[in-house]
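Asks:
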Amino acid sequence: MSTTLHDPNLSSTLREHRVFAPPPEFAAKAHVKSLEEYEALYQRSLDDPEGYWADVARELHWFTPWTKVLEWNPPWVKWFVGGKINLCYNAVDRHALGGRKDKTAILWEGEPGEVRRLSFAELHAEVQKFANVLKGLGIKKGDRVAIYMGMTPELAIALLACARLGAIHSVIFGGFAAHALVDRINDAACCAVITQDGSWRRGQEVHLKAIVDEALEKCSSVKSVVVYRRTGSEVTMRKGRDHWWHEVMAKAAPECPAEPLDSEDPLYILYTSGTTGKPKGLVHTTGGYAVQTYISSKLVFDLRDEDVYWCTADVGWVTGHSYVVYGILQNGVTTLMYEGAPNYPEPDRMWKIIDDHKVSVFYTAPTAIRACIKWGDQYPQRHKLDSLRLLGSVGEPINPEAWMWYREKIGRSKCPVVDTWWQTETGSIMIAPLPGAIPTKPGSATRPLPGVVAEVVTRGGQPVPVGSGGLLVMRRPWPSMARTIYNDPERYQSQYWSAIPGSYLSGDGARIDQDGDFWLMGRVDDVINVSGHRLGTMEVESALVAHPKVAEAAVVGRPDELKGQAIAAFVTLEGSQKPTPELKQELRAWVTQQIGALARPDDVRFTQALPKTRSGKIMRRLLRELASSGEIKGDISTLEDFSVIARLRESDEG
Ligand code: WTA
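So the sequence shown is numbered by my numbering: it starts at 58 and just counts up by one.
1) Per DSSP, which one or two residues make a beta bridge with Asn586?
2) Going by other Cβ atoms of all chains shown within 10 Å of its Cβ, with 16 needed for buried, is Leu103 buried or exposed?
3) Quick one: using the 10 Å Cβ neighbour count with 16 as the cut-off for buried, is Val76 buried or exposed?
4) DSSP on Gln718, reduced to helix/strand/coil?
5) Between which residues of its own chain and Lys135 is the CB-CB distance below 6 angstroms, once the five residues before and five after are set aside?
6) At which residues does the alpha helix (DSSP H) containing His378 begin and terminate?
7) Which two residues bound the contiguous beta strand (DSSP E) that contains Arg540?
8) Quick check: is any heavy atom of the ligand WTA less than 7 angstroms from the C-beta of Arg580?
9) Look up Gly653 in the DSSP assignment and give the residues it is bridged to.
10) What is the rounded straight-line gap between the Cα of Arg427 and the Cα of His590?
11) Alpha carbon to alpha carbon, how far is Leu696 from Ile411? Give it in angstroms, no decimals.
12) With DSSP as the reference, please indicate the residues paired to Met531 in a beta bridge.
13) If you draw a straight line from the alpha carbon of Thr61 to that of Ala556, how long is it in whole angstroms?
14) In three-state terms, what does DSSP make of Thr61?
15) Just to confirm my understanding: we take Arg406, look at its own chain, exclude 5 residues before and 5 after, and list those with CB closer than 6 angstroms. What are they?
16) What span of residues does the alpha helix (DSSP H) with Gly108 cover, start to end?
17) If we require 4 or more residues per run, which alpha helix (DSSP H) segments fall completely within the region 383-425?
18) If you count every other CB in all the chains shown that lies within 10 Å of the CB of Gly559, and 16 or more means buried, which is it?
19) Give the single residue among Ala684, Ser700, Gly199, Arg678 whose Cα lies nearest to the Cα of Gly691.
20) Tell me which residue opens and which closes the alpha helix (DSSP H) that Ser700 is part of.
21) Of the residues Val269, Leu601, Pro490, which one's Cα is nearest the Cα of His88?
22) Confirm the yes/no value for this check: CB of Ala502, any heavy atom of the ligand WTA, distance under 7 angstroms.
23) Within its chain, find whatever has a CB closer than 7 angstroms to the CB of Met58; leave out the 5 residues flanking it on each side and keep chain order.
24) May I have a chain-ordered list of the beta strand (DSSP E) segments no shorter than 3 residues that lie completely inside the region 421-471?
25) I want to check one thing, is the minimum distance from the CB of Glu458 to the heavy atoms of the ligand WTA below 7 angstroms?
26) Is any heavy atom of the ligand WTA found at a distance shorter than 7 angstroms from the C-beta of Glu107?
27) Would you report the Cα separation of Ile326 and Cys247, rounded to the nearest angstrom?
28) Can you determine whether any heavy atom of the ligand WTA sits closer than 7 angstroms to the C-beta of Glu453, and answer yes or no?
29) What is the C-beta distance between Gly344 and Ile142, in whole angstroms, given that I count them as a contact (C-beta under 8 angstroms)?
30) Would you kindly work out how many angstroms separate the C-alpha atoms of Phe137 and Pro106, rounded to a whole number?
31) Distance, Cα to Cα, Pro317 vs Val190?
32) Could you check where the alpha helix (DSSP H) with Ser685 kicks off and where it finishes?
33) Considering only the alpha carbon of each residue, which of Val381, Val514, Lys90 lies closest to Ala494?
34) How would you call Leu24, buried or exposed, if buried means at least 16 neighbouring beta carbons within 10 angstroms?
35) Return helix, strand or coil for Trp478, following the three-state DSSP convention.
36) Quickly, what does DSSP pair His300 with across the bridge? List them, please.
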């Protein structure tokens with residue numbers, strides 16, 4: 058492996074000098090009130106990591122305490138060994154049975170405008186009934202349940218009910234197509250699917266149940282389907298397999314105690330893209346995930362009992378798991394869920410929701426912020442936005458202009474902005490400012506949270522000098538880390554733990570500045586980030602080559618002002634095929650049908666050959682350069698056939 062990092066971003070010279078200290082009124086009330094306090098807490102977590110995490114864990118409810126905090130045989134880890142816990146109990150029962158029973162747990166707004174509020178007591182009742190529904194279908198601890206829904210309270214209820222029983226949920230994002238659903242359901246041999254008739258998005262109905270029906274023709278493990286009626290549109294129900302949510306709920310017994318689960322019992326599987334064509338099912342377990350989502354929510358969002366918290370992520374992604382549902386509810390805080398598009402019926406929908414429901418903490422993605430900038434300042438200007446006290450960002454590097462716009466136009470220069478770095482694999486936020494303690498800089502995720510040991514290193518594992526780019530790694534295990542890849546422990550080990558022995562390789566590039574603040578620089582592998590959605594270029598390539606007219610395909614990311622990265626596909630066709638504009642459209646539609654609209658290539662370029670090394674590896678670096686700048690300037694000495702470059706330059710643009 059070469060010693061220089063291949064990603065040109067890593068040598069980026071972008072430097073940002075603005076610094077914003079926490080507002081004194083904010084800091085005075087915060088859980089962590091000063092840089093000194095953060096540093097002391099951080100130091101304590103370094104000196105005595107097990108003591109630190111045990112103290113956090115004691116803030117939750119355990120049926121049986123653990124006997125050992127950590128068992129670490131790299132890369133295999135166990136946290137809170139021997140402890141018995143239930144995450145649903147911590148997220149719901151604790152509050153429903155205590156002082157928060159009438160407090161709103163879930164505040165929901167549908168795209169057409171309906172509003173529903175579920176108190177902790179009501180959520181408790183629904184979750185118990187739905188857990189009984191699952192039991193009635195024969196679902197038990199360890200069984201895998203696929204969830205393919207829109208953003209409704211029932212989605213959260215479905216997750217929590219699985220967690221209550223110890224059934225392992227596998228949420229599949231509602232934007233995925235039938236093919237993607239088939240792969241994920243079959244990989245984990247799910248025995249049931251929970252879905253809904255449809256969901257509203259930009260005034261259109263997404264027909265979720267119809268997509269499930271199509272998928273299930275190829276999924277023999279699925280014995281039952283539960284369908285929540287959301288839109289009321291017509292669906293086909295297969296007798297013996299499909300059940301209406303409202304019918305089975307009406308018959309369900311009201312009480313279902315939370316199962317005392319082992320700390321290491323699996324909680325969920327969530328698929329994410331890697332560097333091969335096959336998505337990885339990351340497995341999260343119960344105790345450590347509960348502990349770290351709880352504390353990171355509390356510290357990063359500085360949660361207070363009176364907060365109305367809104368994270369715009371879909372529960373189909375890890376952000377929705379950790380910071381719409383589990384982390385927030387464990388803190389007893391009201392979580393807002395919105396069903397639809399941010400610009401429906403007009404581009405001020407998010408700001409209207411914030412005013413209407415007095416949202417105090419708002420968490421969204423840079424791509425959404427950039428879209429808002431494009432739509433224009435008049436939309437946030439129509440609204441007061443004075444309930445807000447804290448803003449967060451997640452999913453991709455945030456460019457300083459977007460950060461500043463967010464701070465000024467949405468936060469009205471009063472709210473701290475927390476840029477939070479983490480991954481599906483990490484389960485919880487790892488690097489982010491604690492808003493009362495850490496001065497923020499536009500574009501920096503600042504410091505690791507207490508208990509997180511992050512470093513930036515060379516490919517050989519040596520720390521890089523201050524200000525230089527390198528690989529972001531974690532030097533110590535953390536409670537909410539993914540435990541493995543479902544059915545593929547070898548891939549887990551080789552992907553994350555073998556490049557730099559003993560360290561977790563994140564796949565991201567970063568640098569650390571003179572103050573110790575982290576600046577994330579994007580992926581260093583063949584994973585791209587399109588509108589905050591992680592995609593493996595190989596997945597898109599596999600879909601393209603599955604098309605009968607395609608011989609070969611190479612997919613790369615290129616910078617895009619709105620989406621962060623856009624997808625550029627270079628395609629060579631089977632012998633007799635003619636490159637036509639219609640075929641381009643056909644290929645784009647094909648990928649949409651195979652994976653989902655989020656993977657649709659932005660550019661399709663037909664070319665007679667792809668640049669390869671002598672050993673036959675596609676030189677993606679060249680394609681990246683060409684797709685980004687229209688030119689190839691870098692080193693081409695390992696290229697096998699130089700004439701390819703000339704032919705690529707001639708390839709027509711999408
Ligand atoms: C990227 C989403 C820069 C990163 C929580 C990571 C970020 C991948 C940030 C994980 C951030 C996420 N700054 N990059 N604040 N947050 N990323 O698994 O490349 O969907 O590896 O988890 O998103 O994406 P995932």
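Note that the Cβ used here is the ideal one computed from N, Cα and C, for glycine as well.
Replies: The answer reads as follows:
1) Arg591
2) exposed
3) exposed
4) Look at the range of the chain in this structure, 58 to 711, and you will see that residue 718 is not part of it.
5) Glu128, Glu321
6) No alpha helix (DSSP H) contains His378, which DSSP labels as neither H nor E.
7) It is not in any beta strand (DSSP E) - Arg540 carries neither H nor E in the DSSP assignment.
8) yes
9) Phe233
10) 15 angstroms
11) 54 angstroms
12) Ala511, Tyr561
13) At Thr61 the pLDDT is 37, less than 50, meaning the model places this residue with poor confidence and gives no usable figure here.
14) Note that Thr61 has pLDDT 37, beneath the 50 cutoff, so the model's placement of it is unreliable and no number is given.
15) Pro399
16) 106-114
17) 384-387, 406-414
18) exposed
19) Arg678
20) 700-707
21) Pro490
22) yes
23) With a pLDDT of only 29 at Met58, under 50, the local geometry of the prediction cannot be trusted, and no value is derived from it.
24) 447-451
25) no
26) no
27) 11 angstroms
28) yes
29) 5 angstroms
30) 13 angstroms
31) 19 angstroms
32) 677-686
33) Lys90
34) Since the first and last residues shown for the chain are 58 and 711, residue 24 lies out of range.
35) strand
36) Val283
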